[in-house]
Amino acid sequence: MFPSGVDRVLAYNPVENCSSKNYTIKLPEWEGFESIGTGWRGRVDGFAGIEARGGVLVLWMGPSEALYYSNAEVSDGGFNDLPWISGDLTVEARLDKQHYGSAGWGFWNYSMVIGESLPVWFIYLRARSPSYPLNGFYVQTGNILTPIKLFGKPPLMLRLGARLIPWLLPVKLTSLNPVIQDLDLGDYHVYRVRLDRGVAEYFIDDKQVAKHPLRPGGTRFRIDLWIDNAVFTPLKNDYARVYRHVTHENRSRGSLMVRRISFTGETS
Numbered sequence: 001m002f003p004s005g006v007d008r009v010l011a012y013n014p015v016e017n018c019s020s021k022n023y024t025i026k027l028p029e030w031e032g033f034e035s036i037g038t039g040w041r042g043r044v045d046g047f048a049g050i051e052a053r054g055g056v057l058v059l060w061m062g063p064s065e066a067l068y069y070s071n072a073e074v075s076d077g078g079f080n081d082l083p084w085i086s087g088d089l090t091v092e093a094r095l096d097k098q099h100y101g102s103a104g105w106g107f108w109n110y111s112m113v114i115g116e117s118l119p120v121w122f123i124y125l126r127a128r129s130p131s132y133p134l135n136g137f138y139v140q141t142g143n144i145l146t147p148i149k150l151f152g153k154p155p156l157m158l159r160l161g162a163r164l165i166p167w168l169l170p171v172k173l174t175s176l177n178p179v180i181q182d183l184d185l186g187d188y189h190v191y192r193v194r195l196d197r198g199v200a201e202y203f204i205d206d207k208q209v210a211k212h213p214l215r216p217g218g219t220r221f222r223i224d225l226w227i228d229n230a231v232f233t234p235l236k237n238d239y240a241r242v243y244r245h246v247t248h249e250n251r252s253r254g255s256l257m258v259r260r261i262s263f264t265g266e267t268s
């Protein structure tokens with residue numbers, strides 16, 4: 001039986017059928033989608049789901065197996081129909097647990113290719129190993145990251161590299177000091193991403209937390225919200241030159257809960 005108060009549950013359990021397939025699903029009815037237009041689609045991988053619960057959109061993941069990808073994702077574009085060249089996105093959201101994996105919301109050009117991938121978003125990253133260099137909550141524009149909250153001291157090699165040879169690091173940290181270390185991700189906050197030609201601005205509860213340059217060119221984006229059981233890393237001698245999923249075991253469910261979305265944007 002579905003939990004009390006759940007309008008619809010859409011899920012796939014890899015324990016029943018371990019598979020690498022992903023599923024495009026029909027989204028639950030949620031007034032937040034209706035307020036900002038059509039074109040929204042959902043995707044579920046592994047043990048995950050998307051619900052509408054009491055006026056809140058819930059993307060959940062877990063419990064997850066370590067060797068399989070679990071993901072719940074909502075977006076408004078695909079490979080051949082990325083709609084936006086600029087936009088102003090506001091998401092009121094919270095994370096109910098510090099799960100192993102990632103979660104985020106913002107804009108993305110829907111590519112994992114190193115050198116081509118261009119996320120413009122808020123991103124949560126947490127790996128089981130403390131040696132993972134990006135355990136924390138960040139704003140990210142391409143390979144530029146500003147830490148908002150860190151889940152531990154960054155590894156020594158990252159701290160030394162960021163101070164002494166930042167041009168050799170695959171990511172560019174604007175600072176090693178988090179902007180709002182005491183930010184409670186379990187509380188609802190209003191996150192805003194303003195994407196304009198040549199610049200990306202980020203706000204939390206009306207306070208600007210970062211401003212990054214945006215590489216020029218005719219990049220098109222979609223809006224993306226997700227939660228999964230993976231962090232991402234480039235692998236040495238990877239002939240595909242992509243950021244790979246490093247999947248994690250989670251013994252309990254983690255959720256991204258979205259109370260409100262608002263958006264204005266330009267398609268040309």
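Numbering (the working numbering), first residue to last: 1 to 268.
Glycine is no exception: its CB is placed at the ideal position from the N, C-alpha and C atoms.
Please read all numbers here as calculations on a predicted model, not as lab measurements.
### Message
Taking the alpha carbon of I261 as the reference point, which residue from I123, F221, V74, V179 has its own alpha carbon closest?
### Response
I261 has its Cα closest to that of V74, out of I123, F221, V74, V179.
### Query
What residue does the beta strand (DSSP E) around I223 start on, and which one ends it?
Here the beta strand (DSSP E) through I223 covers 222-228.
### For I114, the nearest candidate out of Y243, I223, G87, F263 (CA to CA)
Ranking Y243, I223, G87, F263 by CA distance to the CA of I114 puts Y243 first.
### Query
Can you list, in chain order, the residues of its chain whose CB lies under 6 Å from that of S64, leaving out five sequence neighbours each side?
Sequence-distant partners of S64 (beyond 5 residues in either direction) whose C-beta falls short of 6 Å from its own C-beta, in its chain, are F47, S70, N229, N250.
#### Entry: Three-pair Cβ contact test at 8 Å for the segment 182-191 versus the segment 87-107
The segment 182-191 is in contact with the segment 87-107.
### E201, DSSP secondary structure in three states
Three-state DSSP puts E201 in a strand.
### Query
Do S117 and W105 have their C-beta atoms closer together than 9 Å?
Their beta carbons are not under 9 Å apart, which means S117 does not touch W105 by this criterion.
### Per DSSP, cross-strand counterpart(s) of Y138
The bridge partners DSSP lists for Y138 are I123, P147.
#### Entry: Residues sharing a beta bridge with P234, DSSP
Answer is Y243, bridged to P234.
### Query
Is Y68 closer than 9 Å to F122 when the C-beta atoms are compared?
Inclusion of F122 and Y68 in the CB contact set at 9 Å is not warranted, their separation being larger than that value.
### Query
CB-CB under 8 Å to S86, same chain, minus the five flanking residues each way: which ones, in chain order?
These residues qualify, in order along the chain: L195, D196, R197, G265, E266.
#### Entry: Cβ neighbour criterion (16 or more within 10 Å) applied to F79
In summary, F79 is exposed, with fewer than 16 beta-carbon neighbours lying within 10 Å of its beta-carbon over all protein chains present.
### Query
Of the choices D238, G254, S255, V199, whose alpha-carbon is the least far from that of P119?
Considering only alpha carbons, the answer is V199.
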